[in-house]
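Below is one structure, written out as structure tokens; the observations come after it.
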Amino acid sequence: MTSTLRTERLLLEPYVPEDEEDFVALFQDTRVSQWMGEGPASEAADRALFGRIFTKVYAQELFSVWAVRRDGLLVGHAELKPIDVVEGHEIIYALAPAAWGCGLGTEVAEAIVAYGFEILGLTKVYATVAAPNKASLTLLDGIGFEHVRDITEDDGSTTRVLARHLTARDTSPLAR
1081 MTSTLRTERL LLEPYVPEDE EDFVALFQDT RVSQWMGEGP ASEAADRALF
1131 GRIFTKVYAQ ELFSVWAVRR DGLLVGHAEL KPIDVVEGHE IIYALAPAAW
1181 GCGLGTEVAE AIVAYGFEIL GLTKVYATVA APNKASLTLL DGIGFEHVRD
1231 ITEDDGSTTR VLARHLTARD TSPLAR
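Residue numbers (the numbering used here): 1081 to 1256.
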């Protein structure tokens, strides 16, 4: 079951069916989707993806998927899920361009990492990032992720695999 998470400015909670239009709009924005999965998809594919969140991910409790809200509005998407590239769990986050540049990405990523460490009991969390996505690479470096290796994709592009290890800082009540 996907837990509800709170940060200083954000609420991460399970999606509700009424989020479909905002979800599709987020995923249809190529400034966002260029960095997600295989890149931009059709509107029909994004609607099908939204449906699978309910019929598969939530129904089978496969992993955590959150709607990211600020002041009641959907401003992003987040996940923590098993990853095949390495044995472990990967954080995924995306924010609408209107939410860029004010530290919300850091809040989302930190909240997901903390959930992985504190709730799931993970000792390491991964992220995979397209090499040209400098904003995400900088954000993740700033919160303690380290480069593990590069993957050359079938199309010749490079994906960076990053990891953050559980440290005493992550378990200290003074760090929160």
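C-beta: ideal position from N, C-alpha, C; glycine also.
Element boundaries [alpha helix (DSSP H), containing residue i]
i, result
"L1220", "1214-1222"
"A1124", "1123-1132"
7 Å Cβ cutoff, residue i in contact with chain D
i, result
"R1086", "Among the protein chains of the structure shown there is no chain D, as only one such chain exists."
The beta strand (DSSP E) enclosing residue i, as first and last residue numbers
i, result
"E1100", "Unbroken run through E1100 is the alpha helix (DSSP H), 1100-1108; no beta strand (DSSP E)."
"L1032", "This structure leaves residue 1032 out entirely; the chain is present only between 1081 and 1256."
"L1242", "1238-1245"
Span separating the alpha-carbon of residue i from that of residue j
i, j, result
"R1111", "G1224", "25 Å"
"S1113", "A1189", "17 Å"
"G1185", "S1237", "24 Å"
"L1219", "W1180", "12 Å"
"V1137", "P1094", "11 Å"
"E1226", "E1123", "35 Å"
"W1115", "A1248", "32 Å"
"A1211", "D1164", "19 Å"
"R1132", "Q1140", "10 Å"
"L1090", "T1232", "35 Å"
"D1151", "L1106", "17 Å"
"A1178", "V1155", "8 Å"
"E1118", "D1235", "11 Å"
"Y1206", "E1098", "31 Å"
"D1221", "K1214", "10 Å"
"E1100", "F1130", "7 Å"
"D1056", "I1192", "Nothing about residue 1056 can be read from this structure; the chain reaches only from 1081 to 1256."
"L1175", "M1081", "23 Å"
"L1217", "V1228", "13 Å"
"L1246", "G1201", "10 Å"
"P1120", "Q1108", "7 Å"
Counterpart residues of residue i in DSSP-defined beta bridges
i, result
"S1144", "L1160"
"V1086", "One detail in the question is off: residue 1086 reads as Arg in this sequence, not Val. Beta-bridge pairing links R1086 to L1091."
Check: Which full runs of the alpha helix (DSSP H) of 4+ residues lie inside the stretch 1149-1233, going along the chain?
Finding: 1184-1198, 1214-1222
May I ask you to verify whether the stretch 1132-1145 touches the stretch 1159-1171, counting CB pairs closer than 8 Å and requiring at least 3?
The answer is yes - the stretch 1159-1171 touches the stretch 1132-1145, with three or more Cβ pairs under 8 Å.
May I ask you to verify whether the stretch 1189-1202 touches the stretch 1234-1243, counting CB pairs closer than 8 Å and requiring at least 3? no
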